[in-house]
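The structure under discussion appears below in the form of structure tokens.
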Amino acid sequence: MLKMMMRNIAAASFYCSSRRWRVVRFTQILGQVAKLKHYSAVISLYNQMGVSRIGRDVYILTIVINCYCHLNQMGFSLSVLGKFFKLGLEPNVFTFTTLINGFLLENRVAEAAGIFNKMMKAGNCKPNLVTFSTLIRGFCMTGNNSAAIQVLRKMDEGACKPDVVCYSNIIDSLCKDTLVDDALNLFLEMMSKGIAPNVITYTSLIHGVCNLGEWKEATRLLNEMVSKNIFPDVFTFSVLVDTLCKESWKQKASTLINGYCKRKNIDEAMMLLREMTCKGLVPDTVTYSILVDGCCKVGKLGDAQKLSSEMQACGQLPNVQTYSILLDGLCKNRQLSRAMQLFGEMEAKKLDINIVIYNILIEGLCIAGKIESARDLFCGLSSKGLRPNVRTYTIMINGLCIAGLTSEAEKFLIQMEEKGCSPEGCTYNTIIRGFIHNKQTSTAMVLIQTMVERGFSADASTMELIVNLLSKDEVDPALLPLIKKSL
DNA sequence: CTAGGGTTAG
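Heads up: take any position in the first sequence, counting from 1, add 530, and you land on the working numbering.
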């Protein structure tokens, strides 16, 4: 191959009458060989032909520099650059862009940027679209998105406008850093400037959203591109198929995690979650929430909180339900101050705080024996536009009974009725237990009667207390038929 | 006649 080229060149230079002609023909041929990526062939041809017979100009030297660049021999590239000055030749945009690219081929982004900056300063050889685009690619290569965007902004100021390649490079880089929102914003900016996206731009974005498990967004983008007559290619499909395969596995894993958590098998569930994240899959908010709940239920609060920050880090925002799980876990594990801190966080994030959240907090305060604070929170509900539900009242009644305030508990029972919130079986059981605990058996019996009349019955733990009373002979035998009914 | 061009997989 090389020999053949040499013969060609020898023939070409023999037939070319003038020196100028010879160098042009020679350059054409070397250019072709370089295009075939036979870089070392170009170098040896150049060296063997001898400059005396061929001559040197900007074009041929740039080709030679480019070949050294592709051979990762920047030292030689730079020494050829030195020849320019010795020969009184001026390197042009092509030469400098080639050098920038050469440094990038060796991952030497800082030096590439250095050349670019010198071009900007010197002023006699302005970077063009190719130069800018090459530098942007360099910054993206190392994940320096902000530098890449800065270059893009510099282009906005100047005469040379960015094209779809410049934008696509940055969009892809942002997606790789899971900054899909930023990528989508840049995508919109690009279109608003009338720069049309292509299949590569869309594939990068689809890949980005797929990595975050946003399958819906992926299909939206897919439909959008087709509606613009941009058709998915083999790369696009590969991303989609891969995501589909992962999704079905993810589905299975999420179901398993749910099952493990229900059986309090948290270690197994955790291992499965780790396997998911190792495969680059992002568990959805619900899966995370179930696991957070599981951790709380077995008292692993630290793990629960770690999971909640992890989910945020991978773009799965905890919703009100997730927070309520965490809040409940903290309250049930007597970590009231951390619970209040979390509550503050929720308020700061302007989450839609509902009655369920307040129920958890009020219950937490009651369990911690802070009945006054619980009452304050309860009284403040209406000012927040929230109405207490059966559960809220039942929690308050339970709290008051724990604090020994049984008569106030009874007032709550009446009050809820008046406010159109009918007590449930659970409410009666709670207050009955409260009265028994506070040794007010006779009132308890009256309440049992009301409960039975209303068609509710005693639950297991209330029954246990009643049986206990019976065994101690503390119940009026006249009430025995009633107790039988409440069973 | 000379420079750059991105996406997927493990």
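All residues carry an ideal CB built from backbone N, CA and C; glycine is no exception.
Subject >> Span of the alpha helix (DSSP H) around Gln851 >> reply: Within the first sequence, residue 851 is the residue found at index 321, counting from 1. Gln851 -> alpha helix (DSSP H) spans Val850 to Lys862.
Subject >> Local conformation of Glu954 per DSSP, three classes >> reply: The residue labelled residue 954 in the question sits at position 424 within the first sequence. Three-state result, Glu954: coil.
**OP:** Can you say whether Arg793 is buried or exposed, counting buried as having 16 or more other CB atoms within 10 angstroms of its CB?
**Re:** Your numbering for residue 793 matches position 263 in the first sequence. Label assigned to Arg793: exposed.
**OP:** Starting from Gln835, trace the alpha helix (DSSP H) both ways and give me its first and last residue.
**Re:** Within the first sequence, residue 835 is the residue found at index 305, counting from 1. Segment Leu831 to Ala843, the alpha helix (DSSP H) holding Gln835.
**OP:** Please determine, among Ile701, Phe669, Leu718 and Lys723, the residue with the shortest C-alpha to C-alpha distance to Asp686.
**Re:** Position 156 of the first sequence, counted from the start, is the residue given in the question as residue 686. Checked all of Ile701, Phe669, Leu718 and Lys723; the closest Cα to Asp686 is Lys723.
**OP:** Along the alpha helix (DSSP H) that carries Val610, what are the first and last residues, could you check?
**Re:** If you number the first sequence from 1, residue 610 lands on position 80. That run of the alpha helix (DSSP H) goes Met604 to Leu617.
Original post:
With distances taken between CB atoms, is the gap from Cys599 to Val572 smaller than 8 Å?
Top reply: For the purposes of this step, residue 599 is taken as the residue at position 69 of the first sequence. For the purposes of this step, residue 572 is taken as the residue at position 42 of the first sequence. Against a cut-off of 8 Å, the Cβ pair of Val572 and Cys599 comes out as no contact.
Original post:
Can at least three beta-carbon pairs, one atom from the stretch 918-926 and one from the stretch 946-957, be found at a separation below 8 Å?
Top reply: yes
Subject >> Top-ranked residue by Cα proximity to Ser607, from Glu798, Ser1001 and Val594 >> reply: Position 77 of the first sequence, counted from the first residue, corresponds to residue 607. Considering only alpha carbons, the answer is Val594.
Subject >> Pairwise C-alpha distance: Arg804 and Ile725 >> reply: Residue numbering aside, residue 725 sits at position 195 when the first sequence is read from its first letter. Residue numbering aside, residue 804 sits at position 274 when the first sequence is read from its first letter. Roughly 41 Å between the two C-alpha positions.
Original post:
By how many angstroms is the C-alpha of Asn968 removed from the C-alpha of Gly934?
Top reply: On the first sequence, position 404 is the one that residue 934 refers to. On the first sequence, position 438 is the one that residue 968 refers to. Looking at the two C-alpha atoms, the distance is approximately 7 Å.
Original post:
Which residues mark the beginning and the end of the alpha helix (DSSP H) in which His737 is found?
Top reply: The count along the first sequence starts at 1 and reaches residue 737 at position 207. Here the alpha helix (DSSP H) through His737 covers Val729 to Asn741.
Original post:
In or out: Lys651 buried (at least 16 other Cβ within 10 Å) or exposed?
Top reply: Walking along the first sequence from the start, residue 651 turns up at place 121. Flag for Lys651 reads exposed.
**OP:** Go through its chain and collect everything with a Cβ distance to Asp763's Cβ below 7 Å, but skip five positions before and after it.
**Re:** As a position in the first sequence, residue 763 is number 233, starting the count at 1. Correct list, in chain order: Val729.
**OP:** Note the first and the last residue of the continuous alpha helix (DSSP H) segment covering Leu575.
**Re:** Here residue 575 corresponds to residue number 45 of the first sequence, with the count starting at 1. Here the alpha helix (DSSP H) through Leu575 covers Tyr569 to Met579.
Subject >> Beta carbon of Leu995 nearer than 8 Å to that of Ile966 >> reply: Within the first sequence, numbered from 1, the residue matching residue 995 stands at position 465. Within the first sequence, numbered from 1, the residue matching residue 966 stands at position 436. Yes; because the gap between Cβ atoms is below 8 Å, this pair is in contact.
**OP:** With a cut-off of 8 Å on the beta carbons, I'd call Pro621 and Leu611 a contact; round off their distance for me.
**Re:** Reading the first sequence from its first residue, position 91 is the one you call residue 621. Reading the first sequence from its first residue, position 81 is the one you call residue 611. Going by Cβ atoms, the distance from Pro621 to Leu611 rounds to 6 Å, so yes, they are a contact pair.
Original post:
Going by beta carbon distance, what residues of the same chain come within less than 8 Å of Asp587, once the five residues before and after it are set aside?
Top reply: Translated into positions along the first sequence, residue 587 becomes position 57. Contacts found: Val553, Thr557 and Leu619.
Original post:
Looking at C-alpha atoms only, which residue of Ile944, Val639 and Leu811 is the closest neighbour of Ile961?
Top reply: Here the question's residue 961 lines up with position 431 in the first sequence. Ranking the options by Cα distance to Ile961, first place goes to Ile944.
**OP:** Report the residue ranges of all alpha helix (DSSP H) runs contained in full by the stretch 769-812; include only those spanning at least 4 residues, in chain order.
**Re:** 796-808
**OP:** Could you name the residues of the same chain whose beta carbon sits closer than 6 Å to that of Ser987, not counting the 5 residues immediately before and after it, in chain order?
**Re:** Position 457 of the first sequence, counting from 1, holds the residue named residue 987. For Ser987, where only same-chain residues beyond five positions count, the Cβ hits under 6 Å are Ser1016.
Subject >> CA nearest to the CA of Phe669, picked from Asn658, Pro692 and Ala640 >> reply: Here residue 669 is taken as the residue at index 139 of the first sequence, counted from 1. The shortest C-alpha separation from Phe669 is found at Ala640.
Subject >> Range covered by the alpha helix (DSSP H) that runs through Ala990 >> reply: Along the first sequence, read from residue 1 onward, the residue named residue 990 stands at position 460. Start and end: Ala990 to Ser1001.
Original post:
alpha helix (DSSP H) containing Val822: first to last residue?
Top reply: As a first step, residue 822 is located in the first sequence; it is residue number 292 there, counting from the start. First-last of the alpha helix (DSSP H) with Val822: Thr815 to Lys827.
Subject >> Straight-line gap, Gly845 to Asp707 (C-alpha atoms, nearest Å) >> reply: Position 315 of the first sequence, counting from 1, holds the residue named residue 845. Position 177 of the first sequence, counting from 1, holds the residue named residue 707. Spanning the two alpha carbons is a distance of roughly 11 Å.
Subject >> Pair within 8 Å by beta-carbon distance, Leu977 and Tyr958 >> reply: As a position in the first sequence, residue 977 is number 447, starting the count at 1. As a position in the first sequence, residue 958 is number 428, starting the count at 1. In contact: Leu977 and Tyr958 (Cβ atoms closer than 8 Å).
Original post:
Assuming Leu895 and Leu872 make a contact with CB atoms under 8 Å, what is their CB distance in whole Å?
Top reply: Position 365 of the first sequence, counted from the first residue, corresponds to residue 895. Position 342 of the first sequence, counted from the first residue, corresponds to residue 872. The pair is not a contact, with the Cβ atoms about 14 Å apart (cut-off 8 Å).
Subject >> Presumed contact (8 Å Cβ cut-off) between Lys1018 and Lys776, rounded CB distance >> reply: In the structure as shown, the chain begins at 531 and stops at 1017. Residue 1018 is therefore absent and cannot be evaluated.
Subject >> Whole runs of the alpha helix (DSSP H) within the stretch 639-692, excluding any shorter than 4 residues >> reply: 639-652, 659-671 and 675-687
Original post:
Where Glu902 and Ser972 are concerned, what is the direct C-alpha to C-alpha distance, given to the nearest angstrom?
Top reply: Against the first sequence, residue 902 aligns to sequence position 372. Against the first sequence, residue 972 aligns to sequence position 442. Cα-Cα distance, rounded: 27 Å.
**OP:** State the Cα-Cα distance for the pair Glu893 and Ile887, rounded to the nearest angstrom.
**Re:** If you number the first sequence from 1, residue 893 lands on position 363. If you number the first sequence from 1, residue 887 lands on position 357. Roughly 10 Å between the two C-alpha positions.
**OP:** Please say whether Phe646 and Thr625 have beta carbons closer to each other than 8 Å?
**Re:** As a first step, residue 625 is located in the first sequence; it is residue number 95 there, counting from the start. As a first step, residue 646 is located in the first sequence; it is residue number 116 there, counting from the start. It is not a contact, given that the beta carbons lie outside the stated cut-off.
**OP:** Under 6 Å Cβ to Cβ from Asn674, same chain only, skipping five residues before and after it: list those, please.
**Re:** Taking the first sequence and counting its residues from 1, one reaches residue 674 at position 144. No residues qualify anywhere along the chain.
Original post:
Taking the alpha carbon of Ile613 as the point to measure from, which residue in Thr628, Asn602 and Thr592 has its own alpha carbon closest?
Top reply: Start at 1 with the first residue of the first sequence, and residue 613 comes out as number 83. Here residue 613 is Lys; the residue named in the question, Ile, does not match the sequence. Of the candidates Thr628, Asn602 and Thr592, the one whose C-alpha sits nearest the C-alpha of Lys613 is Thr592.
Original post:
Taking the alpha-carbon positions, what's the Leu718 to Val816 distance?
Top reply: For the purposes of this step, residue 718 is identified with residue 188 of the first sequence, where counting begins at 1. For the purposes of this step, residue 816 is identified with residue 286 of the first sequence, where counting begins at 1. Rounded to the nearest angstrom, the two C-alpha atoms are 30 Å apart.
Subject >> With 16 other Cβ atoms within 10 Å as the buried cut-off, status of Phe908 >> reply: As a working note, residue 908 is residue 378 in the first sequence. Buried, because 16 or more other Cβ atoms sit within 10 Å of the Cβ of Phe908.
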